[in-house]
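S.K.:
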Amino acid sequence: MKCDAQTRCAYEEILAEELIPAMGCTEPIAIAYAGALARETLGTLPRQLALTVSNNIIKNAKSAVVPNTGGMKGLRAAAAAGAVAGRGEKRLEVIAQVDDAQREAIRRFLEQAEITVTAAPGDEVFDILVEASAGKDTARVRIAGGHTNVVLREKNGKVLYSASVQGTAEKSAAYARLNVEDIYAYATEAPLEGTWELLERQIQCNSAIRDEGLTGNWGAAIGATLRKTDDSVKIRAAAAAAAGSDARMSGCELPVVINSGSGNQGLTASLPVIEYAQELGADRETLHRALLLSNLLTIHLKTGIGCLSAYCGAVSAGCAAGAAVAWLQGGDLSAVAHTLVNSLAILSGMVCDGAKPSCAAKIACAVETGILGWQMYQNGKQFYGGDGIVTKGVENTIANVSRIGREGMRETDREIIHIMLEN
5 MKCDAQTRCA YEEILAEELI PAMGCTEPIA IAYAGALARE TLGTLPRQLA
55 LTVSNNIIKN AKSAVVPNTG GMKGLRAAAA AGAVAGRGEK RLEVIAQVDD
105 AQREAIRRFL EQAEITVTAA PGDEVFDILV EASAGKDTAR VRIAGGHTNV
155 VLREKNGKVL YSASVQGTAE KSAAYARLNV EDIYAYATEA PLEGTWELLE
205 RQIQCNSAIR DEGLTGNWGA AIGATLRKTD DSVKIRAAAA AAAGSDARMS
255 GCELPVVINS GSGNQGLTAS LPVIEYAQEL GADRETLHRA LLLSNLLTIH
305 LKTGIGCLSA YCGAVSAGCA AGAAVAWLQG GDLSAVAHTL VNSLAILSGM
355 VCDGAKPSCA AKIACAVETG ILGWQMYQNG KQFYGGDGIV TKGVENTIAN
405 VSRIGREGMR ETDREIIHIM LEN
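Read the sequence shown against my numbering and you will find it ends at 427, with the numbers running on by one and no gaps.
1) Would the beta-carbon of residue 226 fall within 8 Å of that of residue 233?
2) Using the Cα positions of residue 364 and residue 214, report the straight-line distance between them to the nearest angstrom.
3) Can you tell me the Cα-Cα spacing of residue 138 and residue 132, whole angstroms?
4) By the 10 Å Cβ neighbour count, where 16 or more other Cβ atoms means buried, how is residue 186 classified, buried or exposed?
5) Distance, Cα to Cα, residue 104 vs residue 112?
6) Cα-Cα, which of 93, 192, 179 and 181 is closest to residue 336?
7) If you follow the alpha helix (DSSP H) that residue 419 is part of, which residue opens it and which one closes it?
8) Report all residues from its chain with a CB closer than 7 Å to the CB of residue 7; omit the five preceding and five following residues, and keep chain order.
9) For the segment 273-287 against the segment 196-212, do three or more pairs of beta-carbon atoms, one drawn from each stretch, fall closer than 8 Å, so that the two count as touching?
10) Hey, how far is the Cα of residue 61 from the Cα of residue 412?
11) Should residue 164 be labelled buried (16 or more other beta-carbon atoms within 10 Å of its own) or exposed?
12) Could you give the residue range of the beta strand (DSSP E) that holds residue 132?
13) Determine the direct distance from the alpha carbon of residue 280 to that of residue 303, and round the result to whole angstroms.
14) Answer with buried or exposed for residue 311, where buried requires no fewer than 16 other C-beta atoms within 10 angstroms of its C-beta.
15) Smallest Cα separation from residue 378: which of 305, 320 and 331?
16) Rounded to whole angstroms, what is the Cα-Cα separation between residue 109 and residue 295?
17) Does the segment 121-136 come close enough to the segment 34-42 that 3 or more CB-CB pairs lie under 8 Å?
18) Which one or two residues does DSSP pair with residue 146 in a beta bridge?
19) Mind checking residue 298: buried by the 16 CB within 10 Å criterion, or exposed?
20) Excluding the 5 residues flanking residue 25 on each side, which residues of the same chain have their C-beta closer than 8 Å to its C-beta?
21) Could you please give me the residues that DSSP links to residue 108 through a beta bridge?
22) Are the beta-carbon atoms of residue 142 and residue 55 separated by less than 8 Å?
23) Taking Cβ to Cβ, would you say residue 300 is nearer than 8 Å to residue 320?
24) State yes or no: is the C-beta of residue 84 within less than 8 Å of the C-beta of residue 33?
25) Determine the direct distance from the alpha carbon of residue 78 to that of residue 397, and round the result to whole angstroms.
26) The alpha helix (DSSP H) with residue 30 in it runs from where to where?
27) Let's test the definition: count the other Cβ atoms within 10 Å of the Cβ of residue 44 and tell me whether it reaches 16, buried, or not, exposed.
28) Look at the Cβ atom of residue 307, then the Cβ atom of residue 182, and state whether they are nearer than 8 Å.
29) Note down the Cα distance separating residue 91 from residue 385, rounded to an integer number of angstroms.
30) Tell me the DSSP bridge mates of residue 279?
31) What did DSSP end up calling residue 315 once you bin it into helix, strand or coil?
32) Return the first residue and the last residue of the beta strand (DSSP E) that residue 213 is part of.
33) Alpha carbon to alpha carbon, what distance is there between residue 293 and residue 3?
34) Short check: CB of residue 18 to CB of residue 86, under 8 Å?
35) On a CA-only basis, which of 380, 359, 362 and 361 is nearest residue 350? Give me that one, please.
36) What are the boundary residues of the alpha helix (DSSP H) that includes residue 187?
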């Protein structure tokens, strides 16, 4: 089993696209990014901001703390932070460098400026339009289809930049190459030079916020609570990912290297693997290969679902992490595939009800389920085709899960959003 040069190139491009740093929950940070670009396009601080965003953006930005705002939450705070203090060139680290004077300016802006939020029409799942005005000047910025996919910049009615919401055909072709067999071959055989820096950054950033989550008083302290109950490597792995989310969901100002547009998925795909590698005494090359496996499997599982849905993305990352743990403990391609099928059969259906402290607990469940999928295989147990959504062949089961998350849970997503907006 070999990974050809075209596949290696495609996978390295995907990893470079996906494993990027972000500070804060990525949906409010995407709003802040749009706000910063709107101010930069306008050329001055706006007096009015009008946000038109898809329902999934409302869901995922409503309850998350916006970093560097003194604990403020929600869409208006995110837009204000970006418009006042954001640096557009930093993309998902747009408000990483905010001083005390700027924090005070953000607070004043929220009190004085007119900021409205409206649900966007249509079916685009990820859509942010920020319209800014000051005097006679206006600016419009739209991000759609992904957290940094700017598709429109306009000033005073003149289009300065426009692009496709769907992205390029080349990008779609790269993602179409994702499959479990090729991912396994790439992760276990490919030269590591092209991804070494990416993965080192992921290890360093995500480990730092894990440590902060375990020692600080963040959110519901799911990670720290787990560590108090059990010191086994399985629990430590779940606690590590949960602790990173504890801190991140509650406004910690440390960056996270994300996966599939999500910091929580980046934490879940990496930290359990790091924990097991340390437990097993794995060398750095082995850790990197396990991380390649986990990251790419997460992306593969998530690609068919889409960037935002009612399907909790931690499930994809937790199942992928379990498969990487299987490989670290000597599992082959069959072990990786069966671990994925077993764990997907158990947990597919956990809903996403927005970004908030309980995400950490869902992450812990996802990691433990991924590892359970491997433990089942170790003991000669598995779920078979015809058992619910399981179909013979790992790719067929992944396709079924994608269908559920992308199509089957649309009405669930709408109902979740209705409930959240009533609170």
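A virtual CB, placed ideally from N, CA and C, is assigned to each residue, including glycine.
M.R.: In short, the structure shows the following:
1) no
2) 11 Å
3) 20 Å
4) buried
5) 13 Å
6) 192
7) 414-426
8) 186, 189, 190, 193 and 194
9) yes
10) 19 Å
11) exposed
12) 131-138
13) 21 Å
14) buried
15) 331
16) 41 Å
17) yes
18) 133 and 156
19) buried
20) 96, 97, 205, 209, 259, 260, 261 and 262
21) Residue 108 pairs with nothing; no bridge assigned.
22) no
23) no
24) no
25) 42 Å
26) 30-46
27) buried
28) yes
29) 52 Å
30) None, per the DSSP bridge assignment.
31) strand
32) Looking at the DSSP string, residue 213 is not in any beta strand (DSSP E); the run it does join, the alpha helix (DSSP H), is 200-219.
33) Nothing can be reported for residue 3, as the shown portion of the chain is limited to 5 through 427.
34) no
35) 380
36) 184-193
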